[in-house]
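Numbering (the working numbering), first residue to last: 4 to 191.
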């Protein structure tokens, strides 16, 4: 493992979708199928969305949002508990509506690291728990906003997703956030 500079934090745009709107999932490789450690933590293939569905966005305050992972359980049944805190700057109707949806639905999130790579919060096998909270702030300098606490059990610490992300604004690459091209199909 090589030591590299690592810029902490996530970028402000986070993608999400109801798990029921995902028709097919990319796959994590089996332990015996990989040639590198990085491959173990990287999805192969693309998310296939249900008809007319795209990834939706929520904006975060990137300086106050974070992703963490930790091991849970005992061998041979250990899994990763992936946690994400998203601080959203709004408390208006759209934010409150999102909170209502998040409490009722099993959501999947795509969170972009500062280096451009996307990580997945949520997996096909386990339910994602999203706990929203809102604060209107106090006084004239208090902090107002919406906080999402996301917990997603997975077989991998927040897997990397280099595949296609279909959005309302066009398709982008999960490898680096650039515009998706069909030549990207040859990549992971």
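Quick reminder that beta carbons are idealized off the backbone N, C-alpha and C, glycines included.
The beta carbon of residue 56 lies closer than 6 Å to those of 24 in the same chain, with the five residues before and after it left out.
Under the 8 Å Cβ criterion, the region 45-56 does not count as touching the region 74-91, having fewer than three qualifying pairs. Taking each of 61, 92, 107 in turn and checking the Cα distance to residue 113, the smallest one comes out for 61.
By DSSP's assignment, residue 60 forms a beta bridge with 18. It is roughly 11 Å from the alpha-carbon of residue 167 to the alpha-carbon of residue 179.
Of the candidates 137, 156, 157, 137 places its Cα closest to the Cα of residue 148. Between the beta-carbon of residue 163 and that of residue 120 there is about 6 Å, and that keeps the pair under the 8 Å contact cut.
By the beta-carbon neighbour count (other beta carbons within 10 angstroms, threshold 16), residue 107 is exposed.
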